[in-house]
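Trainee: The UniProt record's numbering numbers the first residue of the sequence shown as 1 and each following residue consecutively.
Got a structure here, written out as structure tokens. Questions coming.
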Amino acid sequence: MWYFDSRARDCRTMKYLGCGGNNNRYCSRDHCRRKCRP
């Protein structure tokens, strides 16, 4: 899984255990970048 790190202004990997979470998670780096990078 990937998330957008606003400080780094880029997408980073994360471990997602599938419980709770928020909308800042993506299945691929490309998807994260398309949604989040300016």
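All C-beta atoms in this analysis are idealised placements derived from N, C-alpha and C, irrespective of residue type, glycine included.
As the structure is a prediction and not an experimental result, all values here were calculated from the model.
From Trp2 to Asp10, what does the alpha carbon distance come to, in whole angstroms?
Mentor: Their backbone Cα atoms lie some 10 Å apart in a straight line.
Trainee: Would you kindly report the start and end of the unbroken alpha helix (DSSP H) that includes Cys36?
Mentor: Here the alpha helix (DSSP H) through Cys36 covers Arg29 to Cys36.
Trainee: Under the three-state reduction of DSSP, which class applies to Arg9: helix, strand or coil?
Mentor: Residue state, collapsed to three classes: coil.
Trainee: Distance check for Phe4 and Asn24, CA to CA, integer angstroms please.
Mentor: Looking at the two C-alpha atoms, the distance is approximately 6 Å.
Trainee: Give the DSSP bridge partners of Tyr3, in chain order.
Mentor: BP columns for Tyr3 point to Arg12.
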